[in-house]
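Asker: Counting in the numbering used here, the sequence shown runs from 5 upward without gaps. Backbone N, C-alpha and C define an ideal beta-carbon position, used for all residues, glycine too. Handing you this structure, nothing more for now.
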Amino acid sequence: MAFYDVIGKTYAQTRRSDSRIVEKLLEILASSQASTIADIGAGTGSYAVVLAEHGYHVLAIEPSATMRSQAMAHPAIEWIDGSAENLPLPNQAVDAAIIILAFHHFQNYQQALSEVHRIVGNGQIVLFTYDPAMISSFWLTKYFPSLIKDVESTFLPIPQLIEEIQTIVGNMVNTIPFLLPHDLSDSFAAVGWAQPELYLDSNIRNNISSFAKINADELSLGLSSLQEDLHRGVWDQKYGHLRQQKQYDVGYRFVHSPAK
Ligand SMILES: C[S@@+](CC[C@H](N)C(=O)[O-])C[C@H]1O[C@@H](n2cnc3c(N)ncnc32)[C@H](O)[C@@H]1O
C-alpha cells in the first residue's frame with residue numbers, strides 16, 4: 005500500500021494550493037512556451053487544478069488511490085495511476101514537468117529524474133522542495149528533535165540535487181529561494197513558523213508526512229511542551245518576533261531546469 009494511502013485520507017482538507025506558490029510557479033513556467041505539463045506526485049491535484057485553470061493541459065501522475073480519490077475533476081486534467089520511477093507516458097509526451105513537495109518521497113530519485121527527462125525532452129523541469137541544511141535552525145525542531153534526522157535523511161542536499169539534475173538532464177539548474185508567507189494556505193510542515201498554535205491541531209498534523217514519522221512518545225512530549233510554552237509565554241519570549249514578520253526563509257526552494 006502506498007504511504008499516502010495510509011496518511012493521506014484527509015489531505016485535501018488542509019493541503020490547499022497557496023496563491024503565492026502558484027504565482028511563482030506560473031512565473032517560472034512562463035520562461036518557455038508550454039501547453040502540456042506533467043504534475044508528478046500530483047497528490048490531490050491542488051496545483052494541477054490551478055495550472056488547468058490557467059490554460060495548461062495537465063497530466064497528473066499519482067500512485068496513491070486515496071490521494072487521487074480526493075481530486076477535483078477538471079476537463080483539462082488527465083489523472084494517471086503511476087510512479088515517477090516508471091512513468092506511463094511516451095518520450096517527449098509533455099512540454100514541462102512539475103514536482104511539488106514530492107521528490108523526497110520518490111524511492112529511486114535517479115531513475116525518477118531519468119524518467120522525467122525522457123518524457124520532457126528539452127522542456128523545463130520545476131521542483132518545489134526543501135533545503136535540508138536549513139532544518140536545524142527551525143524552532144519546531146526544539147520540540148520535535150527527530151525532525152532533523154528525518155529531514156536530513158529524506159531530502160537531498162540542494163547542491164547534490166542540482167548536480168544530479170545537471171548530470172541526468174544535461175542542463176544548467178537554478179535555485180530560487182521561496183520565503184514562506186505568514187498565512188500560508190497549503191499547510192505543509194513549516195506552516196506554523198509564525199503561528200505555533202497550528203501544530204496543536206491534529207487535522208493539520210495528520211496531513212504532514214514528517215509528523216506521521218515522529219514516534220508517539222516524542223509527539224506527545226513535544227506537543228505538551230509547546231502547549232505549555234505558549235501558555236506561559238515562553239515561546240513568545242524566544243520566537244515571538246516571528247509573529248510580526250510577513251514572510252520568512254524556512255528553507256523552501258524552487259529548483260528549475262529551464263527548457264533547452
Ligand atoms: C506531499 S504530497 C504532495 C502532493 C502534491 N504535489 C501537492 O503539492 O499537494 C507527495 C505526493 O507524492 C506522491 N508520491 C510518493 N511516491 C511517489 C512516486 N514514487 N512517484 C510519484 N509520486 C509519488 C505521494 O503519493 C503524494 O501524493
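Closest to Gln115 by C-alpha separation, out of Glu168, Ala64, Ile25, would be which residue?
Answerer: Comparing Cα positions, the closest option is Glu168.
Asker: On the CB-based measure, 16 or more other CB atoms within 10 Å of its CB, does Met76 come out buried or exposed?
Answerer: By the Cβ-count criterion, Met76 is exposed, with fewer than 16 other Cβ atoms from all chains shown falling within 10 Å of its own Cβ.
Asker: Trp239 bridges to which residues according to DSSP?
Answerer: Partner(s): none; Trp239 has no beta bridge.
Asker: Can you name the residues that DSSP bridges to Pro200?
Answerer: Paired residue(s): none; Pro200 is not in a bridge.
Asker: Any chance the segment 111-131 sits against the segment 220-227, with 3 or more Cβ pairs inside 8 Å?
Answerer: With a cut-off of 8 Å, the segment 220-227 and the segment 111-131 do not count as touching, because too few Cβ pairs lie within range.
Asker: Curious, which full-length alpha helix (DSSP H) runs of at least 4 residues does the segment 83-127 contain?
Answerer: 113-124
Asker: Would you tell me roughly how many angstroms separate the C-alpha atoms of Lys250 and Ile44, rounded to the nearest one?
Answerer: 30 Å
Asker: Leaving aside the five residues before and after Lys264 along the sequence, list all residues of the same chain whose C-beta is less than 6 Å from its C-beta, in chain order.
Answerer: Asn126, Asn175
Asker: Going by DSSP in three states, Leu160 sits in which element: helix, strand or coil?
Answerer: coil
Asker: Which of the three DSSP states, helix, strand or coil, is assigned to His61?
Answerer: strand
Asker: Inspect the CB distances between the segment 256-263 and the segment 179-194 and report whether three or more fall short of 8 Å.
Answerer: A contact exists between the segment 256-263 and the segment 179-194.
Asker: Could you compute how far the alpha carbon of Val53 sits from the alpha carbon of Arg236?
Answerer: 43 Å
Asker: Taking all protein chains shown into account, do 16 or more other C-beta atoms lie within 10 angstroms of the C-beta of Thr171, making it buried, or fewer, making it exposed?
Answerer: Counting of Cβ neighbours within 10 angstroms places Thr171 among the exposed residues, the total staying below 16.
Asker: Looking at the unbroken alpha helix (DSSP H) that takes in Arg257, where does it start and where does it end?
Answerer: That residue, Arg257, is in no alpha helix (DSSP H); its beta strand (DSSP E) goes 251-261.
Asker: For Trp143, collect the residues of the same chain with a Cβ closer than 7 Å to its Cβ; drop the 5 residues on either side in sequence, then sort them by chain order.
Answerer: Tyr243
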